[in-house]
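Comments concern the structure below.
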Amino acid sequence: MGDNLESVPTVIAPASKSEFHRALIMAALTQSACKIFGYSNCADVKETIGALTALGVKISKIDGSLAVDGSEIKKNQTVELNISESASTLRFLLPVLGALGISGKIFVGERLYVRFNDDDVKFYDDIGMNVKKEDGYIAFCGKLSGGRYIVSASATSQNLSGLIMALPTISENSTVFVNGAVSRGYALMTLEMLEKFDVKHTADNLHIELVGKYKETTVSVSGDYSAAANFALFGTLKNSLNILGLAEDSAQPDKAFLKILNSSGGKAYFDGGTLCVRKAETLHGFCADLTDTPDVFPVCAVLAAFSTGESVFIGTNRLKNKESDRLAAIEKNLSLMGINFVSGDNRLQIFGGNPKPFVPDSFSDHRIAMAFSVAAAALSVKPIYDACVTKSYPNFFEELERICQN
C-alpha cells in the first residue's frame, strides 16, 4: 500500500473476550488438560474463571498460556456461584450446569438481575431446566439430555451458545432448531470453536446437528475486533495508526465495523498481519443495519457524529437491555456533542459533521465509555479514566493516553 508501517503508533489488540470465553468453557468440559494462548484479563473472563474454579476446574497461567484441567469437575452437585455483572458468564454456564446435573444459586449484580428477563427464563424452560429469579440471585435446577431441542434466540444469542457448548458433554448426539435468531454470527463463532475441540457439526441456516465429544487440545485466541474498533475509530478521526493481533479471516461479527468505516470514507486495510488505519480526509454519512452487531453501535454512532450529512442505523431495539440502556446513553452523548438525531421504530438517524468538545457520560457502560472517550480525544479533550472498561478492556485508557501523546 506504500505506507511505512513503522511511521505511525501501534496498538496491540487485546485477546478476544468472545473467543476466550468459549475456549475457556470448552477446555474445562474436555475434563482433561488443555492450553489456551492469548489470555484475556477482563472482568467478564475473571468471573467465568472464578465460577469454573468453584466447580472444581484447575486453571493456572503457565509460560504465556492458560492451563485448564476440568478432570475434577463434580457432576450432580449443588453450588452457589457469584458472577457479578457478567451476562455472558451467566448465559453460557447455565446450560452447561444443566448438562452436568448441577443445581444451585448464581448471585448476580443489580444491572444483570434486571437484564435477565422472561425471554431468558423461557429459553431454559424450553430446554428442560427450571430457572427463576429470586431475591438477588438466579436459582436453577434440571438436567439436560441429548436429543432434539427447539429454542428461540430472538433476544440474545448467548443462551444458544451456552446450549451448543453444553450438549457435547452428553452421551447422545443432539440437534438444535432455532427460531428467530439474532446475532447469529456469535453462534457461528461458537460452532467454529467447537471444531477446534474436535466436535463436529452441520449447520443449515438455523438447524444445527452436533456429533462428538470434547477432546484435549491447544487453542490460540486472536485479537478482539470489538475492542480494536475503538482504535480504528481513533485512527480515522485523529491520528493514523496500526493495530496488531487481529486475524484477517476472523469469524468475529464485529469485524463488520471495518467495512462500515470504509463505507463512510475511512481507510482501513490489512497489510500482512497488520491492520492499517489512516486518518480520513473527509467522512460522509452512511447506513448500517447493526441488529446482529450491537456492540459496535457506540463506535458507529461516534463515526456518524464526525461524518458530514445523515447516517441511518437499524437495530436500536437491541440496545435497551445491555450494560446500560445503550440507546439512551448514545443519545445523551450525542446531545453533549451538539449533534442532532432522530430515533424511533428500531432506527436512529444522526446528522453529523461538526461535533463540539465535551466530557462523556459513560452510563457505567464499558462500550459507551470507550467509544465516546475516543470521540472526546479526537476533539482534544483529555481522556478521563472510567473503571467500567475493566469489563472488557482493562488497559483501554492507558493505550488511549499513549496514542494521544504521539
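Converting from the sequence shown to my numbering requires adding 190 to each position, the first position being numbered 1. From the three backbone atoms N, C-alpha and C, an ideal C-beta is built for every residue, glycine too.
- In the structure shown, Cys477 falls within a strand segment according to DSSP collapsed to helix, strand and coil.
- Looking at Thr346, Arg374, Phe387 and Ile398, the one whose alpha-carbon comes closest to that of Ser364 is Ile398.
- In the three-state reduction of the DSSP assignment, Gly326 falls in the coil class, being assigned neither a helical nor a strand state.
- Each of Ser412, Leu493, Ile558 and Asp485 was checked against the Cα of Ile450, and the nearest Cα belongs to Leu493.
- Using a Cβ distance threshold of 9 Å, Ser501 and Ala470 do not count as a contacting pair.
- In this structure, Thr580 is the residue among Ile292, Ser563 and Thr580 with its C-alpha nearest to the C-alpha of Lys236.
- In the DSSP assignment, Ala257 falls outside any alpha helix (DSSP H) and lies within the beta strand (DSSP E) extending over Ser255 to Asp259.
- Per DSSP, the continuous alpha helix (DSSP H) segment holding Glu591 begins and ends at Phe586 to Cys594.
- DSSP lists no bridge partner for Thr238.
- Separation of Phe562 and Pro204 (C-alpha to C-alpha, rounded to the nearest whole angstrom) is 19 Å.
- Bridge pairing for His397: Phe367 and Asp394 [DSSP].
- Taking a C-beta distance under 9 Å as the contact criterion, Gln348 and Ala277 qualify as a contact pair.
- In the three-state DSSP reduction, Ser278 falls in the helix class (H, G or I).
- The beta-carbon distance between Ala356 and Ala289, rounded to whole angstroms, is 4 Å. This is short enough to meet the 8 Å contact definition.
- The residues His211, Ile215, Gln348, Ser351, Gly352 and Met355, in chain order, have a CB closer than 7 Å to that of Phe282 in the same chain once the five nearest residues on each side in sequence are set aside.
- The shortest CA-to-CA distance from Ala213 to any of Ile317, Tyr404, Val341 and Ser274 is the one to Tyr404.
- Note that the C-beta distance between Leu245 and Ile292 is below 9 Å.
- Here the alpha carbons of Ala565 and Phe541 stand approximately 16 Å from one another.
- Here the alpha carbons of Met319 and Phe460 stand approximately 45 Å from one another.
- The beta carbon of Thr408 sits closer than 6 Å to those of Lys225, all from its chain and outside the five residues before and after it, given in chain order.
- Look at the region 194 to 232 and you find these whole runs of beta strand (DSSP E), each 3 residues long or longer: 200 to 202 and 223 to 227.
- In the DSSP secondary-structure assignment, Arg468 is bridged to Lys457.
- In the DSSP assignment, Leu423 falls within the unbroken alpha helix (DSSP H) covering Tyr415 to Leu427.
- Shown here, Asn272 sits in a strand according to DSSP, grouped into three states.
- The region 269 to 276 makes contact with the region 298 to 307, as at least three CB pairs between them are under 8 Å.
- The beta-carbon separation of Ser342 and Asn307, rounded to 13 Å, does not stay under the 8 Å limit for a contact.
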